Amino acid sequence: MRLDKRRLILILLVAFIFGLTMVTAQKQEARDENVVADFSVSDVPADDGSGLMLSWTPLDRSKRIIEYRVYRGIKPDQLFYLETIQVNPKSGVASDVMYYYDNSASELSDVSFPAKLKLEKGQPSNGILYRNPPRDLEFTASLLDHFQMISLSNRNHFYKRSKEVIVDPDAEEISSFAGLKANQQTVLGFLKPGSTYYYTVVAVDERQRLLPNAPVQSGSPIPNRPDPSPALHSVILEDSGELRFEWEYPIYKSSLVQYRIWQMANMPGENWDAMKDELVSLEGMGRPVAQGAVGGGVLPNYTKVEVGEAIAGFKSSAFVLELIDAYGASSFSPLSQPRLLSSDALPPRTEFWVEDKPNDKGDRLSVVWDHPIIFVVKTTSLNKENTRLRVNYQLNKTENQEVSDIWFSFYDPETDTELSTINEFYQDDSIILKLPEDYDFHFHTFLEIIIFRKLQNDAVVL
1 MRLDKRRLIL ILLVAFIFGL TMVTAQKQEA RDENVVADFS VSDVPADDGS GLMLSWTPLD
61 RSKRIIEYRV YRGIKPDQLF YLETIQVNPK SGVASDVMYY YDNSASELSD VSFPAKLKLE
121 KGQPSNGILY RNPPRDLEFT ASLLDHFQMI SLSNRNHFYK RSKEVIVDPD AEEISSFAGL
181 KANQQTVLGF LKPGSTYYYT VVAVDERQRL LPNAPVQSGS PIPNRPDPSP ALHSVILEDS
241 GELRFEWEYP IYKSSLVQYR IWQMANMPGE NWDAMKDELV SLEGMGRPVA QGAVGGGVLP
301 NYTKVEVGEA IAGFKSSAFV LELIDAYGAS SFSPLSQPRL LSSDALPPRT EFWVEDKPND
361 KGDRLSVVWD HPIIFVVKTT SLNKENTRLR VNYQLNKTEN QEVSDIWFSF YDPETDTELS
421 TINEFYQDDS IILKLPEDYD FHFHTFLEII IFRKLQNDAV VL
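The sequence shown begins at 1 in this note's numbering and counts up one residue at a time.
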């Protein structure tokens, strides 16, 4: 009897341990299903060292995720809220991978931030996720080695509430600054090249629950060589002694500051492609023939060089475009073999004129280089026999260009027979075309349009 009791106790103990193990495994499996997978941090290619790229696999739409939150810090055990990526909980995420680029300014201190460290909602006392950095200048100062900072303040705060701060009163040259309290300014931070940053991503479901965070990953932004120009086009005008160049820019071009065109010894293109990615400079291999700044807005993509009688020395050469970024790193385009042409092969120069825009305050001008343009945008059948069609058109013109009549002539493309001619003297963006009853509307119709402009004796045939 005593032996049976011992066996029973042993069996119950084994069953309890097995059941506890199964429950723990199920909880761990459920937890793993709620963590974003394949989370990684990498450097943004071809940038100036100010960005990192985060990627991860989104959760299945059955999880009803409404957003993904990104957290960042300079220590793996202290990550602060950075950004939210909204998601439709019904449709989920269409792509297999989600991306986030940390390459712009982020708030490091603001009047809306808590005055002291505050854990994210639902985090345990030893958690690593915090809502925002504290509004504490000592804490902000500890980030100086890791971020490039800029302070934004209200005009009244800067001019009326700032206090003079002297760095070293005993120095020969005294430096002073306008000091502001933490609640009188917003401090923005940019990533510093070479610094290490730690990230994680947290999914939030439609019940506002923060699911377990992804494993913390780190990354360091690195100044990379800019992407090379996809193509450089070069022309030698023998009669005028000019070199003409046009080129294309890569997709990532925000860090570019300068371009330089080199004259090189001619060589097979495949030989140049095999060596250009390893080169740091072309000094000793060629000589520059043109260079210039690459600013914001519309980037320059053409230039010309007048060399006069020395043009003969360039006929057997090749040319390379060098793009230089703010850190002095360079990339080189594929080799360009020049075309030998004369000036009469160039396209005609566009004629343009400048007009005052009517009915304004005298602050606008229009640059015009073409006549009014008209084109067909849609055709709709108005009856079952498809013999009446509504043809919608669009007329593009400036305020000063007045159109009196538009003639539409429709032809059968096979027989060149005129099907209909319509005079649109009142332009309402549509005309009614009547086709012969025996005409198959599936055939294409050739259309000729003539525009007559008011106050002028010219007609434009399109």
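Backbone N, C-alpha and C define an ideal beta-carbon position, used for all residues, glycine too. Every value quoted in this text rests on a predicted model; they were computed, and no experiment measured them.
Rounded to the nearest whole angstrom, the CA to CA distance from Glu309 to Val367 is 37 angstroms.
Annotated as proximal: Met267 and Leu335, with beta-carbon spacing under 8 angstroms. When C-beta atoms of the region 314 to 322 are compared with those of the region 257 to 266, three or more pairs fall below 8 angstroms, so the two segments count as touching. Per DSSP, reduced to three states, the secondary structure at Lys63 is helical. Contact between Tyr327 and Pro223 is confirmed by a C-beta separation of about 5 angstroms, below the 8 angstroms threshold. Taking all protein chains in view, the Cβ of Gly292 is surrounded by fewer than 16 other Cβ atoms within 10 Å, so the residue is classified as exposed. Only residues of its own chain outside the window of five on either side were considered, and among them none has a CB closer than 6 angstroms to the CB of Tyr439.
In the structure shown, Ile9 falls within a helical segment according to DSSP collapsed to helix, strand and coil. Counting the other Cβ atoms within 10 Å of the Cβ of Leu389 gives 16 or more, which makes it buried. Ser255 sits away from Pro300, with the two beta carbons spaced by 8 angstroms or more. Under a 10 Å Cβ-count criterion, Lys192 is classified as buried, with 16 or more other Cβ atoms of the shown protein chains found around its own Cβ. Of all alpha-carbon atoms in Trp272, Phe245, Ser229, the one lying nearest the alpha-carbon of Tyr252 is that of Ser229. DSSP, reduced to helix, strand and coil, places His146 outside both helices and strands of the structure shown, so it counts as coil.
In the structure shown, the three-state DSSP call for Gly308 is helix. By the 16-neighbour rule on beta-carbons within 10 angstroms, Ala203 is buried. Cα atoms of Tyr198 and Ser281: separation of roughly 35 angstroms, rounded to the nearest angstrom.
Pairing Gln148 with Thr186, the inter-Cα distance amounts to about 14 angstroms. Distance from Tyr100 to Ile85 at the Cβ level is roughly 6 angstroms; contact confirmed, criterion being Cβ atoms closer than 8 angstroms.
For Trp272, the enclosing alpha helix (DSSP H) has its first and last residue at 269 to 275. Between Val377 and the set Leu395, Ala345, Ile9, Val201, the nearest pair of CA atoms involves Leu395.
With a 10 Å radius around the Cβ and a threshold of 16 neighbouring Cβ atoms, Pro124 comes out exposed.
In its chain, beyond the 5 residues on either side, Ser176 have a beta carbon closer than 6 angstroms to the beta carbon of Glu164.
Residue range 137 to 141 is occupied by the alpha helix (DSSP H) that includes Phe139. Per DSSP, the unbroken beta strand (DSSP E) holding His233 starts and ends at 232 to 237. The continuous stretches of beta strand (DSSP E) do not include Tyr159, and DSSP gives it neither H nor E.
Non-local beta-carbon contacts of Leu117 in its own chain, meaning distances under 7 angstroms to residues more than five positions away in sequence, involve Tyr130, Pro134 in chain order. When secondary structure is reduced to three states using DSSP, Phe425 falls in the coil class, being assigned neither helix nor strand. In this structure, Val201 keeps its C-beta atom at 8 angstroms or more from the C-beta atom of Leu59. Of the other Cβ atoms in all chains shown, 16 or more fall within 10 Å of the Cβ of Glu120; this residue is therefore buried. The alpha-carbon of Asn156 is positioned some 33 angstroms away from that of Lys361. Take Val305, set aside five residues on each side of it, and the residues of its chain with a beta-carbon closer than 6 angstroms to its own are Leu243, Val289, Ala290, in chain order. Across the structure, Trp247 and Gly295 are spaced so that their CA atoms are roughly 16 angstroms apart.
In this structure, DSSP gives Asn183 a helical state, which the three-state scheme calls helix. By alpha-carbon distance to Lys75, the top candidate from Gln217, Phe190, Phe332, Asp47 is Gln217. A direct Cα-to-Cα measurement between Met285 and Ala265 gives close to 8 angstroms. The beta carbon of Ile150 is closer than 6 angstroms to those of Leu188 in its chain, skipping five residues each way along the sequence.
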